[in-house]
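**Student:** Residue numbers (the working numbering), protein chains in the order written: chain A, 1 to 453; chain B, 454 to 565. Built from N, CA and C at the ideal position, the CB exists for glycine as well. Given the structure is predicted, the values throughout are model-derived calculations rather than measurements. Right, I'll just put the structure down here and ask away after.
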């Protein structure tokens, strides 16, 4: 019974929190059987603190450099500033009400509790250094402040990822308004649905080890919708819009890969064998995807490229995110390869045909790779394929759950993004003027240049 | 006095400088430039977005010399910068009306 859901993220218990077990039937039985005395392990705590700052490094400077290198010189600072600023905003929203709405005490309405938690922990009410949050091992907990911080970085990077589709033309003020609304109505409910014990997909047994659905499908689909609503860059696609520094993009790729070990292996919430499995998968799925993207380029009659390698690395990391602790290493290698090839076609063939301007392929890599990863996780989870699933694992049933989670996330993200965009547009105008766009957002929006030689 | 302007392939700069030093040329000005001629540009591809660049990077050398050695300067550049392939560049020779050394005020040949 626990087999299906034990790889999921969260069973949160506040403080000594035995009273809350009543709200968690599955755990209540477990707790009664084992009668654990919850302990906090210093090794787990140290690992989770490390993982948390590794995810911060993915955002600044990792994602900022990865995205920044891909834009034109005149927009470098605007991209890095937007990423840093929305991440900072997400951190503040998280402690004010975000954590509570995603992971706080259950609301009394049983239907509503599938989608959000209540405001009981708004402004971190009641949380102290002695408060603890559950891990996946009965009786082993981590300090709640660490759990709050770890989850905070996930909210921060997800909203930053969305921006990849609308760089070089969106107003800074529009970015900030969009981020606040989007986090509230899109990220928080989806995080709750997938990871909170009372969440709809958590209860359904959806597999999402480190955020393939919550982070990548969510961010990718939102990015696509936002790019379509905001419109193309002036001159797209006829004018040359080549990356201004693939060197920085490669540096950012490396920082993202290293940071992703905090993201994936940290999602085990303990320093244990599950984290170790997530770690090795985060190596090999990524390595496979990096090489397979270059192979796809070669087979398409082009040269294997540095940007192709970097794109493959990110596609592999995205795909292995839900599968990190839910796959054997060789399943992960196949998953990385498949995701890489499909993402390659999504950004090089399908996107040009459809004509939308997802400037940095946030949808083509995070959205598409996330969907492949989420569906593929149900496959590689099978013990017959080297996955950690139980012997009686029912792949067909799990695939249905994964498809449902993916479908709902796509719909929710699309609607939430549209609402957040129209709020941002009404308050700020949304796009910079054509003059600012041509001159560059660095000067027009921030009064600086990235490079003064 | 003559001004010799040579547009050459960037990797030929050192050979050209050595050849000119050997025949007594005491100074030159070098600029990184882009342009096009018979040589075709390259195609760059970034995630499927193709950009063809018709401007090729070149080095422009400017040498002012005594009219008497201008032909030797041209020969030296032509020999040193030659690879036999399209895109080796061009050499132009112009008359120079006046030259002044800013530090001393010396003029014309003594200023070179």
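CB residue 322 of chain A to CB residue 273 of chain A, shorter than 9 Å?
**Tutor:** Here residue 322 of chain A corresponds to residue number 322 of the first chain, with the count starting at 1. Here residue 273 of chain A corresponds to residue number 273 of the first chain, with the count starting at 1. No; because the gap between Cβ atoms is not below 9 Å, this pair is not in contact.
**Student:** Could you tell me whether the segment 56-69 of chain A touches the segment 247-254 of chain A, where touching means 3 or more Cβ pairs closer than 8 Å?
**Tutor:** Enough Cβ pairs lie closer than 8 Å, so yes.
**Student:** Please list the residues of the segment 340-361 of chain A that have a C-beta atom closer than 8 Å to any C-beta atom in chain B, keeping them in chain order.
**Tutor:** Cβ contacts with chain B: 347, 348, 349, 351, 352, 361.
**Student:** Note down the Cα distance separating residue 343 of chain A from residue 193 of chain A, rounded to an integer number of angstroms.
**Tutor:** One-based indexing of the first chain puts residue 343 of chain A at position 343. One-based indexing of the first chain puts residue 193 of chain A at position 193. So the two alpha carbons sit approximately 26 Å from each other.
**Student:** Give the interface partners of residue 497 of chain B over in chain A, defined as CB-CB distance under 8 Å, in chain order.
**Tutor:** The sequence position of residue 497 of chain B within the second chain is 44, counting from 1. What residue 497 of chain B touches in chain A: 242.
**Student:** Any C-beta of chain A within less than 7 Å: which residues of the segment 486-519 of chain B qualify?
**Tutor:** Per Cβ criterion, the list reads 497, 498, 499, 500, 501, 502, 504.
**Student:** Which partner residues does residue 133 of chain A have in the DSSP bridge list?
**Tutor:** For the purposes of this step, residue 133 of chain A is taken as the residue at position 133 of the first chain. DSSP lists A:142 as partners of residue 133 of chain A.
**Student:** Residue 311 of chain A touches chain B at which residues, Cβ-Cβ below 7 Å?
**Tutor:** Numbered from 1 along the first chain, position 311 holds the residue referred to as residue 311 of chain A. Here the neighbours are 500.
**Student:** Check whether the Cβ atoms of residue 328 of chain A and residue 386 of chain A sit closer than 9 Å, and answer yes or no.
**Tutor:** Indexing the first chain from 1 puts residue 328 of chain A at position 328. Indexing the first chain from 1 puts residue 386 of chain A at position 386. Cβ atoms of residue 328 of chain A and residue 386 of chain A: closer than 9 Å.
**Student:** Quick one: list the residues of chain B neighbouring residue 475 of chain A, beta-carbon separation under 7 Å, in chain order.
**Tutor:** This structure does not reach residue 475 of chain A, given that chain A is present from 1 up to 453, and the question cannot be answered.
**Student:** Do we get a CB-CB distance below 9 Å when we pair residue 232 of chain A with the residues of chain B?
**Tutor:** Mapped onto the first chain, residue 232 of chain A falls at position 232. No, no contact with chain B.
**Student:** According to DSSP, simplified to helix, strand and coil, what is residue 515 of chain B?
**Tutor:** As a first step, residue 515 of chain B must be located in the second chain, where it is residue number 62. Looking at residue 515 of chain B - three-state DSSP - the assignment turns out to be strand.
**Student:** With 16 as the cutoff for other CB atoms within 10 Å, does residue 48 of chain A come out buried or exposed?
**Tutor:** Position 48 of the first chain, counted from the start, is the residue given in the question as residue 48 of chain A. Buried: at least 16 other Cβ atoms inside 10 Å.
**Student:** So, does the CB of residue 303 of chain A fall closer than 9 Å to a CB anywhere in chain B?
**Tutor:** Your numbering for residue 303 of chain A matches position 303 in the first chain. Answer yes: the Cβ-Cβ gap between residue 303 of chain A and chain B drops below 9 Å somewhere.
**Student:** Exposed or buried, residue 554 of chain B, counting other C-beta atoms within 10 Å across all chains shown (16 or more means buried)?
**Tutor:** Sequence index remark: in the second chain, residue 554 of chain B carries index 101 (1-based). Residue 554 of chain B should be labelled exposed.
**Student:** Compute the beta-carbon to beta-carbon distance between residue 534 of chain B and residue 465 of chain B, rounded to the nearest angstrom, for a pair I have assumed lies under 8 Å.
**Tutor:** The residue given as residue 534 of chain B occupies position 81 in the second chain. The residue given as residue 465 of chain B occupies position 12 in the second chain. With a Cβ gap of about 4 Å, residue 534 of chain B and residue 465 of chain B count as contacting.
**Student:** Of the choices B:458, B:456, B:463, whose alpha-carbon is the least far from that of residue 485 of chain B?
**Tutor:** Counted from its first residue, the second chain places residue 485 of chain B at position 32. Here the closest residue by C-alpha is B:463.
**Student:** Looking only at its chain, what residues have a beta carbon closer than 7 Å to the beta carbon of residue 362 of chain A, apart from the 5 residues adjacent to it on each side?
**Tutor:** Start at 1 with the first residue of the first chain, and residue 362 of chain A comes out as number 362. These residues qualify, in order along the chain: 161, 162, 164, 165, 219, 220, 223.
**Student:** Are residue 316 of chain A and residue 300 of chain A closer than 9 Å when you measure CB to CB?
**Tutor:** Position 316 of the first chain, counted from the first residue, corresponds to residue 316 of chain A. Position 300 of the first chain, counted from the first residue, corresponds to residue 300 of chain A. For residue 316 of chain A and residue 300 of chain A, no; Cβs fall outside 9 Å.
**Student:** Since residue 234 of chain A and residue 404 of chain A are thought to touch, with beta carbons under 8 Å apart, how far apart are those beta carbons, to the nearest angstrom?
**Tutor:** The residue you call residue 234 of chain A lines up with position 234 of the first chain. The residue you call residue 404 of chain A lines up with position 404 of the first chain. About 40 Å; that fails the 8 Å criterion.
**Student:** Just to confirm, are residue 150 of chain A and residue 266 of chain A a CB contact at a threshold of 9 Å?
**Tutor:** Sequence index remark: in the first chain, residue 150 of chain A carries index 150 (1-based). Sequence index remark: in the first chain, residue 266 of chain A carries index 266 (1-based). Yes, they are a contact pair.
**Student:** In three-state terms, what does DSSP make of residue 84 of chain A?
**Tutor:** Indexing the first chain from 1 puts residue 84 of chain A at position 84. Three-state result, residue 84 of chain A: helix.
**Student:** Can you confirm whether residue 308 of chain A, when its beta carbon is compared against all beta carbons of chain B, has any partner nearer than 9 Å?
**Tutor:** By 1-based counting over the first chain, the position of residue 308 of chain A is 308. Yes, contact with chain B.
**Student:** Which same chain residues end up closer than 7 Å to residue 505 of chain B when comparing Cβ atoms and leaving out the 5 residues on each side of it in sequence?
**Tutor:** Start at 1 with the first residue of the second chain, and residue 505 of chain B comes out as number 52. These residues qualify, in order along the chain: 494, 496.
**Student:** With DSSP as the reference, label residue 564 of chain B as helix, strand or coil.
**Tutor:** Walking along the second chain from the start, residue 564 of chain B turns up at place 111. Residue state, collapsed to three classes: helix.
**Student:** What is the DSSP secondary structure of residue 495 of chain B, reduced to helix, strand or coil?
**Tutor:** As a first step, residue 495 of chain B is located in the second chain; it is residue number 42 there, counting from the start. Reduced to three states, the DSSP call for residue 495 of chain B is strand.
**Student:** Just the C-alpha distance for residue 146 of chain A and residue 39 of chain A, rounded to the nearest angstrom, thanks.
**Tutor:** Taking the first residue of the first chain as 1, we reach residue 146 of chain A at position 146. Taking the first residue of the first chain as 1, we reach residue 39 of chain A at position 39. Taking the straight line joining both Cα atoms gives about 15 Å.
**Student:** Residues in its own chain within less than 8 Å of residue 503 of chain B by CB, not counting five upstream and five downstream?
**Tutor:** Indexing the second chain from 1 puts residue 503 of chain B at position 50. 496, 497.
**Student:** Whose C-beta lies closer than 7 Å to the C-beta of residue 479 of chain B among residues of the same chain, with five residues either side of it excluded?
**Tutor:** Here residue 479 of chain B refers to the residue found at position 26 when the second chain is read from its first residue. Answer for residue 479 of chain B: 565, listed in chain order.
**Student:** Mapping the DSSP letters down to three states, classify residue 434 of chain A as helix, strand or coil.
**Tutor:** Against the first chain, residue 434 of chain A aligns to sequence position 434. Looking at residue 434 of chain A - three-state DSSP - the assignment turns out to be helix.
**Student:** Classify residue 240 of chain A as buried or exposed, calling it buried when 16 or more other Cβ atoms lie within 10 Å of its own Cβ.
**Tutor:** The residue you call residue 240 of chain A lines up with position 240 of the first chain. Result: exposed.
**Student:** CA-CA distance, residue 264 of chain A and residue 170 of chain A?
**Tutor:** For the purposes of this step, residue 264 of chain A is taken as the residue at position 264 of the first chain. For the purposes of this step, residue 170 of chain A is taken as the residue at position 170 of the first chain. So the two alpha carbons sit approximately 31 Å from each other.
**Student:** Could you tell me the distance, in whole angstroms, from the CA atom of residue 26 of chain A to the CA atom of residue 396 of chain A?
**Tutor:** Translated into positions along the first chain, residue 26 of chain A becomes position 26. Translated into positions along the first chain, residue 396 of chain A becomes position 396. Its pLDDT being 44, under 50, residue 26 of chain A is placed unreliably in this model, and the coordinates cannot settle the point.
**Student:** Run through chain B and tell me which residues come within less than 9 Å of residue 237 of chain A, C-beta to C-beta.
**Tutor:** As a working mapping, residue 237 of chain A is identified with position 237 in the first chain. Going along chain B in sequence order, the residues near residue 237 of chain A (Cβ under 9 Å) are 502.
**Student:** Can you tell me where the beta strand (DSSP E) with residue 455 of chain B in it begins and where it stops?
**Tutor:** If you number the second chain from 1, residue 455 of chain B lands on position 2. Start and end: 455-461.
**Student:** Using DSSP's beta-bridge definition, name the partner residues of residue 547 of chain B.
**Tutor:** Sequence index remark: in the second chain, residue 547 of chain B carries index 94 (1-based). Looking at the DSSP assignment, residue 547 of chain B forms a beta bridge with B:456.
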